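Notes for the one structure printed next.
In my numbering, the protein residues as written are 42 to 180.
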């Protein structure tokens with residue numbers, strides 16, 4: 042695959058072929074991305090259990106981060122190998138098997154619910170209950 046610098050779009054040196062098909066697989070980092078499932082490609086997921094910044098920092102410091110791995114579509118019979126290879130390449134020597142569906146629920150609950158809002162709501166609710174039961178505002 043070549044890169045078209047003028048428009049920033051991938052191009053192919055194989056006339057008339059979709060550049061994505063030349064790669065033979067599509068790798069996702071979230072289960073929510075499987076809405077695009079092209080025929081004829083392996084569709085895999087490698088989901089590091091941390092932010093992009095955390096993954097990069099740990100990688101640069103020679104530490105590891107766990108990842109989930111899933112196969113949605115295995116056309117070549119090598120989708121699992123590809124997922125493991127990508128996981129190792131980003132610094133995840135420990136990967137656990139999941140599904141795209143389970144990863145969606147995990148992401149929505151863990152990332153969106155807990156990390157981006159639920160914790161604050163839980164603390165506010167706890168504070169209100171404590172105050173309603175006579176505790177002082179300072180603890």
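All C-beta atoms in this analysis are idealised placements derived from N, C-alpha and C, irrespective of residue type, glycine included.
Here the structure is a predicted model, which is why all the values come from computation and not from measurement.
- In the same chain as residue 135, and ignoring 5 residues on each side of it, the C-beta atoms closer than 6 Å to its own belong to 107, in chain order.
- For residue 67, there is no enclosing alpha helix (DSSP H); the enclosing beta strand (DSSP E) has its first and last residue at 66 to 69.
- Contact annotation: residue 87 and residue 68 have beta-carbon atoms nearer than 9 Å.
- Taking every protein chain shown into account, the CB of residue 133 has 16 or more other CB atoms within 10 angstroms, so this residue is buried.
- Distance from the CA atom of residue 114 to the CA atom of residue 138, rounded to whole angstroms, is 14 Å.
- In the structure shown, residue 83 adopts extended strand secondary structure according to DSSP, grouped into three states.
- Residue 126 has its alpha-carbon roughly 50 Å from the corresponding atom of residue 171.
- Comparing C-alpha distances from residue 141 to each of 120, 109 and 105 shows the shortest one belongs to 109.
- Contact annotation: residue 144 and residue 120 have beta-carbon atoms that are not nearer than 9 Å.
- The alpha carbon of residue 104 has as its nearest neighbour, out of 130, 83 and 79, the alpha carbon of 130.
- Residue environment analysis places residue 164 among the exposed positions, since fewer than 16 neighbouring C-beta atoms fall within 10 angstroms of its C-beta.
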